[in-house]
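Protein chains in written order, with the numbering used here: chain C, 6 to 288; chain R, 6 to 288; chain H, 6 to 288; chain P, 6 to 288.
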């Protein structure tokens, strides 16, 4: 059964929840999930409302228009989604393919409610896998000198394929601000450390040399500042002096797969709201 | 600032959230937290609503009466609480005092929004600690033959001290159904295993002999069936072949303290709803 | 570089470690790892010793013979392995393929030091995947009436393919004692619960109905008693009332993959010793 | 029963383990625990050997002398300890007393094999607790101007009380290099973040503002560089957008207590070896 999802943020004041849930009730909608959060420091109200369209008296394409007066009254930033939307994702990948494999398995087994028509890489290695899954594969050798040019070509393809969001599944290239700006809060990256520790290159080597007793992985939306975008999910695993650098990488891979896939799923289920370079995740 | 908290459960149908949040909004209340959950199997609706009484146009003592028509319309089971209530707790304890120490530290440091006027034990060991914290201490030697009698005396004292709920902080006596019935969903126990594994006596020994690689602790409301009441919280910790039975007990103690204190805090914050021998915890 | 690995167990007494490490030193071996454990209850000594064969003065094929006098002196149960051995594994699978996918990815990426020449299933679903990985695939429809017969045919194929150990990657058939007896401590199963809780069928449903707050997965060697063999590894993940049965299954799948793959890796690295229906894992 | 413990580190070469365990065996000692580790990058050998003195033919006070030739042969750095030693600890504390409470409970219940004759603080708050536990309490108001002077007085008291090691149980003063140098690898600190993230002041506030999804705590030996000494233990706990700064602090407190107490216990059990600003923990 198809559901509608409203994601809302605005300055907190009295009556918001009543107005929004009243809108659904007056039009015979049945609320399935309602989550709200107030950030006390900034006095901001956040809400995720999901209701069944069965018996809802407003036609799907007219809901936005009908909701507009409420949104204006409370000066909301808002989005309306439907659970039968299937966003189109592109996966960017380099040489490490564990996250890619993991995503493709989840995709094939129906865990990810999206289409994945496109893969982009700066290495040829993932080409065979793309073929197996019948996904278009484009290789772009990226150098300092040609990065802007290559990104322009990539963006053309992304538009051609009507890509809604991008998953960086261990893509080892830093995107330019121009690229990032086109896909604000729509590029999900996995960083193989417990951010903000170990930003940048070789985080497992950094962790190994530092002698930490726990390692982590972080999924986040990409912003112009490297490894500094709003975090979506993190997880950690214990290590000891017995673990070599290779052990850290192996243990970390298992974390990366889980932490990235959670972020992608929440993104697809419209459970994430961004603010102040942080996220609200209505899990 | 004082808040009101409504805990609601009823059969799910359209319009419940709108009716409840509308009640708050129409009387100028500002919602601080609103959580809801629908159990799809039983089609049951659960809600926890917390709003500020600042500017709320209904007087505190008349809120129940004002809400009654909504409750009746949806045939709700409901409770109304206020955050300035300070429930009165009794702690029951035997020989193992780690959970008791932990609770008393949290109590003294202001983490637990309750009064603890009373401790009951079947051993004298905790008496000194009770004195230090200026808590009344009653020792009841409990044998099979005198259990009912002793419980009757205990219940008298509990009533005299106007006790609202009971914490079994490793109290090694099984309560009779008569006692449990008096304090339905108001007795919190800590069991030193990952239930339903290792019910009953010596769960650490059972775990040790079984060769498990992870041990756990479980806090739950007490029912007539031993270690079978609705679970509130569980947590686990890794062990290995290197851990002796004593190590399991030591590692487990740290779990028990945390798992019990979380349950007590959630109970005090009115975050727990029971149904079908399970709990909804609106954390 | 090739290493030798000794796995030893015997009654504990003075001088065992000195004798074993002396044997390596006197023959110019360099110890890479030495782990030992004493089970105090049974006074049993366990050891895993790994040393480099570079410069070792005894030829590989004569090491056993040379070590025999020490083994006899202490009445040891012992095994000798070499790190360049590549055991041959068969994977048994039914309909749920997440563990299979995971193992095959790890196999392809070089994480598992074994050969996987054979897959056996009671369903046709995994056949395509077997083809992709160039692994022989045999389907055996198993019914109560024909189980013994089918197992006999399976054992023939296992022998033909010189299979050293078997991975039950969510194989939903109970093996007969005859079969288990042939592969004592050489069949690794993944059970989708935190054993000993939720033995048998539908553990996620059992967990859901019980209202647990944490779910788990357990890998173990298979014995004649269902879900009761020596546990190799367990891990857990938090759930809440918000998680549906489907969520439990999805979260559990991620656990199962990790818990099974750890067990397989430790088995391949000769890090596991069994005793008293438990395991010592020298990780 | 009393045991001897040898902690050894040296350049790795053939025959070390055989020589050391041979020394014990030839003198009729029974090894209880033997752990070793080789750091491949620096080719360093580490060992912890624990054996029973029952029937050991060398008198306790002559063991060092007897072992010296082996130590010299392999140019070892080594320490000899006995399990009936009870080191004398001083606890330094400021205003946050949760770790202090936790340590004192463990001390009283016999979990910590040490004496705690002394507490030092820059605040009067812990004085009553010291009195309850019959521990000497010295208050030192510490300002920039008088820090060196105050530390000198503290060191006098530490010597007078024959203090072996120091626990900084949330002591909010940076020690001078002179002080640290006197107690190299003998001062254990708890830092309330997942180091190296959030060094310095207010790590919970830093974590809150950063929007991390997991927080941590780290225990480490103190060196001249703030929060940069060799890490002994770390652990983490999940948080979400629902957690306020106060929630972070509360959840963090529970971590801090556990992470600090593990470090203290391992230190007392002589399970920690330091090298390259990292630790080997033979747990």
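Ideal Cβ placement from N, Cα and C applies to all residues, glycine included. The structure displayed is predicted, hence computed values, not measured ones.
Shortest alpha-carbon distance to residue i belongs to which of the options?
{"i": "residue 288(P)", "options": "244(C), 29(C), 264(C), 30(C)", "result": "244(C)"}
{"i": "residue 82(C)", "options": "192(C), 268(C), 12(C)", "result": "12(C)"}
{"i": "residue 140(C)", "options": "108(C), 147(C), 154(C)", "result": "108(C)"}
{"i": "residue 208(R)", "options": "218(R), 196(R), 219(R)", "result": "196(R)"}
{"i": "residue 263(P)", "options": "21(P), 253(P), 241(P), 252(P)", "result": "241(P)"}
{"i": "residue 154(P)", "options": "174(P), 180(P), 31(P)", "result": "180(P)"}
Strictly under 8 angstroms for the Cβ-Cβ distance: is residue i near chain P by that measure?
{"i": "residue 238(C)", "result": "yes"}
{"i": "residue 285(C)", "result": "yes"}
{"i": "residue 110(R)", "result": "yes"}
{"i": "residue 202(C)", "result": "yes"}
{"i": "residue 45(C)", "result": "yes"}
For a cutoff of 8 angstroms on Cβ pairs, would you count residue i as touching chain C?
{"i": "residue 71(R)", "result": "no"}
{"i": "residue 92(P)", "result": "no"}
{"i": "residue 50(P)", "result": "no"}
{"i": "residue 243(H)", "result": "no"}
Between the alpha carbons of residue i and residue j, how many angstroms are there, rounded?
{"i": "residue 280(R)", "j": "residue 37(R)", "result": "25 angstroms"}
{"i": "residue 271(R)", "j": "residue 231(P)", "result": "37 angstroms"}
{"i": "residue 170(P)", "j": "residue 93(P)", "result": "7 angstroms"}
{"i": "residue 250(R)", "j": "residue 258(R)", "result": "12 angstroms"}
{"i": "residue 128(P)", "j": "residue 277(P)", "result": "31 angstroms"}
{"i": "residue 260(R)", "j": "residue 260(P)", "result": "11 angstroms"}
{"i": "residue 248(R)", "j": "residue 152(P)", "result": "44 angstroms"}
{"i": "residue 284(R)", "j": "residue 29(C)", "result": "28 angstroms"}
{"i": "residue 191(C)", "j": "residue 235(C)", "result": "12 angstroms"}
{"i": "residue 34(H)", "j": "residue 55(H)", "result": "10 angstroms"}
{"i": "residue 172(R)", "j": "residue 275(R)", "result": "15 angstroms"}
{"i": "residue 77(R)", "j": "residue 52(R)", "result": "16 angstroms"}
{"i": "residue 84(C)", "j": "residue 268(P)", "result": "49 angstroms"}
{"i": "residue 160(P)", "j": "residue 184(P)", "result": "8 angstroms"}
For a test of the three-state rule: what should DSSP assign to residue i, helix, strand or coil?
{"i": "residue 257(C)", "result": "helix"}
{"i": "residue 100(C)", "result": "coil"}
{"i": "residue 50(P)", "result": "strand"}
{"i": "residue 221(R)", "result": "strand"}
{"i": "residue 55(C)", "result": "strand"}
{"i": "residue 226(R)", "result": "strand"}
{"i": "residue 181(H)", "result": "coil"}
{"i": "residue 126(H)", "result": "strand"}
{"i": "residue 285(C)", "result": "strand"}
{"i": "residue 245(H)", "result": "coil"}
Flag residue i as yes if its beta-carbon sits less than 8 angstroms from any beta-carbon of chain H, otherwise no.
{"i": "residue 41(C)", "result": "no"}
{"i": "residue 232(C)", "result": "no"}
{"i": "residue 219(R)", "result": "yes"}
{"i": "residue 277(C)", "result": "no"}
{"i": "residue 227(P)", "result": "no"}
{"i": "residue 125(C)", "result": "no"}
{"i": "residue 247(R)", "result": "yes"}
{"i": "residue 68(P)", "result": "no"}
{"i": "residue 88(P)", "result": "no"}
{"i": "residue 35(P)", "result": "yes"}
{"i": "residue 282(R)", "result": "yes"}
{"i": "residue 209(C)", "result": "no"}
Could you give the C-beta distance for residue i and residue j, rounded to a whole number, given that I count them as a contact under 8 angstroms?
{"i": "residue 117(R)", "j": "residue 95(R)", "result": "Residue 117(R) to residue 95(R), Cβ: 13 angstroms. No contact."}
{"i": "residue 87(C)", "j": "residue 7(C)", "result": "6 angstroms"}
Counting only beta-carbon atoms, is residue i nearer than 8 angstroms to chain B?
{"i": "residue 137(C)", "result": "In the displayed structure, chain B is absent; the protein chains listed are C, R, H and P."}
With a threshold of 8 angstroms between beta carbons, is residue i in contact with chain R?
{"i": "residue 62(C)", "result": "no"}
{"i": "residue 194(H)", "result": "no"}
{"i": "residue 263(P)", "result": "yes"}
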